[in-house]
Amino acid sequence: MANLITIARIGLIIPFAFLFLANVPWGLKAAFVVFVLASLTDFLDGWVARARNEVSALGAALDPLADKLLITAALILLLRNGTINGPGVIAVLVIILREILVGGLREAVTLKGETLPVTGLAKWKTSIQLIAAGFLLATAPNGLIDTDFQPIAQVALWLAALLTFWTGADYAMRATSMLRKQ
427 MANLITIARI
437 GLIIPFAFLF
447 LANVPWGLKA
457 AFVVFVLASL
467 TDFLDGWVAR
477 ARNEVSALGA
487 ALDPLADKLL
497 ITAALILLLR
507 NGTINGPGVI
517 AVLVIILREI
527 LVGGLREAVT
537 LKGETLPVTG
547 LAKWKTSIQL
557 IAAGFLLATA
567 PNGLIDTDFQ
577 PIAQVALWLA
587 ALLTFWTGAD
597 YAMRATSMLR
607 KQ
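Note that this note's numbering numbers the sequence shown so that position 97 is 523, with each residue one more than the last.
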């Protein structure tokens, strides 16, 4: 059941993007609702997995991947419509590049028979990324709330980028130490 919820999160990315790009006055508002629904499944799948004792290797692999796909899709779409621009592009690059880097490090560490477990701060990082992307969606032109709140949404994006950088550096140091062992 938990894995189905995670797969549903991945599946919601397409209708989210379709609604975001739809040339209708309510498109961005509907995309926001789908994004929030998809984001909530991140908490729901973990809860269901623990409650039903359904923790699995597939779930452990799919859950962070689903988060990365959803967040990356939202950030790319927000770049496309200009909600994120200027220095905000750097924040998006930090987020996307860190996620690729950590994915590669996890794979390299696994090949050596080690694991790179998710940290508590990395779980917070994901939550802050989802909140920042949601706030950016809400404050985008034709979004749910007034664009006057855009500066606050941009601060949330930078907070997410800083946490992303911090956790990425932590993973990189731990993985490097593991990979240097004979």
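Backbone N, C-alpha and C define an ideal beta-carbon position, used for all residues, glycine too.
Just so we're clear, the structure is a prediction, and the values are computed from it rather than from any experiment.
Under a Cβ-count criterion, where at least 16 other Cβ atoms within 10 Å of its own Cβ denotes burial, should residue i be classed as buried or exposed?
i, result
"Ala492", "buried"
"Ala601", "buried"
"Gly485", "buried"
"Asp489", "buried"
"Ala566", "buried"
"Ile497", "buried"
"Ile502", "exposed"
"Ala587", "buried"
"Ala483", "exposed"
For residue i, I'd like the list of residues in its chain whose CB is within less than 6 Å of its CB, leaving aside the five on either flank, ordered along the chain.
i, result
"Phe561", "Ala579 and Ala582"
"Glu540", "Met604"
"Asn449", "none"
Kindly give me the distance between the Cβ atoms of residue i and residue j, rounded to whole angstroms, as I take these residues to be in contact under 8 Å.
i, j, result
"Leu445", "Ala457", "4 Å"
"Ile431", "Val474", "6 Å"
"Ile436", "Leu495", "6 Å"
"Arg478", "Met427", "6 Å"
Note down, in chain order, each residue of its chain lying with its Cβ closer than 8 Å to the Cβ of residue i, except the 5 sequence neighbours on either side.
i, result
"Leu585", "Ile554 and Ala558"
"Gly453", "Leu445, Phe446, Leu447 and Asn568"
"Ala499", "Ile439, Phe442 and Ala443"
Quick check: the Cα distance between residue i and residue j, rounded to an integer number of angstroms?
i, j, result
"Phe461", "Leu519", "21 Å"
"Asn511", "Pro441", "24 Å"
"Gly530", "Ala598", "10 Å"
"Pro451", "Ala487", "37 Å"
"Ala464", "Ala517", "22 Å"
Does the segment 588-597 come close enough to the segment 520-527 that 3 or more CB-CB pairs lie under 8 Å?
yes
Stretch pair the segment 530-541 + the segment 552-566: three plus CB contacts closer than 8 Å:
no
Does the segment 542-551 come close enough to the segment 566-576 to have 3 or more Cβ pairs within less than 8 Å?
no
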